[in-house]
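Trainee:
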Ligand code: SF4
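Residue numbers (this note's numbering): 30 to 221.
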């Protein structure tokens with residue numbers, strides 16, 4: 030059905046709320062700032078590839094300049110040394126902006142329970158959506174992007190904490206979109 034059929038009998042007028050149009054435009058053009066430091070970054074690249082096609086959600090335009098991005102996408106472990114860089118880039122991104130923490134390492138430090146690895150980036154920047162997995166599958170990351178889109182649809186702007194404009198993280202956790210299949214070949218250790 031084309032737009033002509035939808036408008037038939039309406040004399041060419043469409044009415045809507047400005048806020049709805051703004052939210053629609055905003056949610057359809059979420060541009061990520063890929064802060065990809067490790068293997069999760071490879072899965073992020075796969076998400077943008079033709080097989081998974083993040084472009085269907087308008088979020089394939091990875092920007093490497095914070096002034097052009099509104100979604101901080103942390104993919105991989107972050108060391109204590111890198112944290113000031115991440116924080117600075119996050120602060121340089123213009124409002125409104127959102128954050129996805131992709132994978133176990135970004136959200137909790139993962140298996141790297143060491144003094145050199147940040148045990149969760151949410152200790153330093155507000156995280157809106159946590160995408161679980163090691164690494165998360167591209168479908169799960171896409172679920173995370175869709176969660177951000179739903180937030181924009183419903184609320185438009187990220188909420189503040191009511192005390193002078195500080196950003197309140199939304200802290201949404203995505204459910205894994207797949208179940209792990211058993212190992213097809215039995216693993217044998219040592220010599221028989
Ligand atoms: S969560 Fe797993 S895949 Fe992602 S960066 Fe950490 S070790 Fe790599």
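Note that the Cβ used here is the ideal one computed from N, Cα and C, for glycine as well.
These numbers come from a predicted model, not from an experiment.
(1) Just the Cα atoms here: how many angstroms apart are residue 204 and residue 182?
(2) In terms of residue numbering, what span does the beta strand (DSSP E) encompassing residue 243 cover?
(3) Looking at residue 132 and the ligand SF4, is the gap between the Cβ and the nearest heavy atom below 7 Å?
(4) Tell me, please, which residues DSSP counts as bridged to residue 101.
(5) May I ask you to report which of helix, strand or coil DSSP gives residue 22?
(6) Identify the residues that DSSP records as bridge partners of residue 146: which are they?
(7) Whose C-beta lies closer than 6 Å to the C-beta of residue 100 among residues of the same chain, with five residues either side of it excluded?
(8) Hey, how far is the Cα of residue 67 from the Cα of residue 45?
(9) At a threshold of 7 Å, does residue 46 count as lining the ligand SF4 (C-beta to nearest heavy atom)?
(10) Thinking just about the alpha-carbon of each residue, which of 164, 159, 186 and 163 is nearest to the one in residue 174?
(11) For residue 114, which of helix, strand or coil comes out of DSSP?
(12) Using 7 Å as the cut-off, classify the Cβ of residue 106 as near or not near the heavy atoms of the ligand SF4, replying yes or no.
(13) Return the CA-CA distance between residue 113 and residue 93, expressed in angstroms with no decimal places.
(14) Can you tell me where the alpha helix (DSSP H) holding residue 50 begins and where it ends?
(15) Starting from residue 160, follow the beta strand (DSSP E) in both directions and report where the run begins and ends.
Mentor: Looking at the atomic coordinates:
(1) By 1-based counting over the chain shown, the position of residue 204 is 175. By 1-based counting over the chain shown, the position of residue 182 is 153. Looking at the two C-alpha atoms, the distance is approximately 20 Å.
(2) In the structure displayed, the chain extends from 30 to 221; residue 243 sits before or after that span and is not available.
(3) Translated into the one-based positions of the chain shown, residue 132 becomes position 103. Within the cutoff, so yes.
(4) As a first step, residue 101 must be located in the chain shown, where it is residue number 72. BP columns for residue 101 point to 62 and 128.
(5) Look at the range of the chain in this structure, 30 to 221, and you will see that residue 22 is not part of it.
(6) By 1-based counting over the chain shown, the position of residue 146 is 117. Bridge partners of residue 146: 108.
(7) Start at 1 with the first residue of the chain shown, and residue 100 comes out as number 71. Closer than 6 Å at Cβ, skipping near neighbours: 59, 61 and 127.
(8) The sequence position of residue 67 within the chain shown is 38, counting from 1. The sequence position of residue 45 within the chain shown is 16, counting from 1. Distance between the alpha carbons of residue 67 and residue 45 is about 44 Å.
(9) What you label residue 46 is simply residue 17 of the chain shown in a count that begins at 1. Outside the cutoff, so no.
(10) Within the chain shown, numbered from 1, the residue matching residue 174 stands at position 145. Measuring from the Cα of residue 174, the nearest candidate turns out to be 159.
(11) Sequence index remark: in the chain shown, residue 114 carries index 85 (1-based). DSSP places residue 114 in helix when its eight states are reduced to three.
(12) As a position in the chain shown, residue 106 is number 77, starting the count at 1. It does: the Cβ of residue 106 is within 7 Å (strictly closer) of some heavy atom of the ligand SF4.
(13) Locating residue 113 in the chain shown gives position 84, counting from the first residue. Locating residue 93 in the chain shown gives position 64, counting from the first residue. Roughly 17 Å separates the two Cα atoms.
(14) To locate residue 50, count along the chain shown from 1; it is residue 21. 47-56 is the span of the alpha helix (DSSP H), which, as asked, contains residue 50.
(15) Counted from its first residue, the chain shown places residue 160 at position 131. Segment 158-160, the beta strand (DSSP E) holding residue 160.
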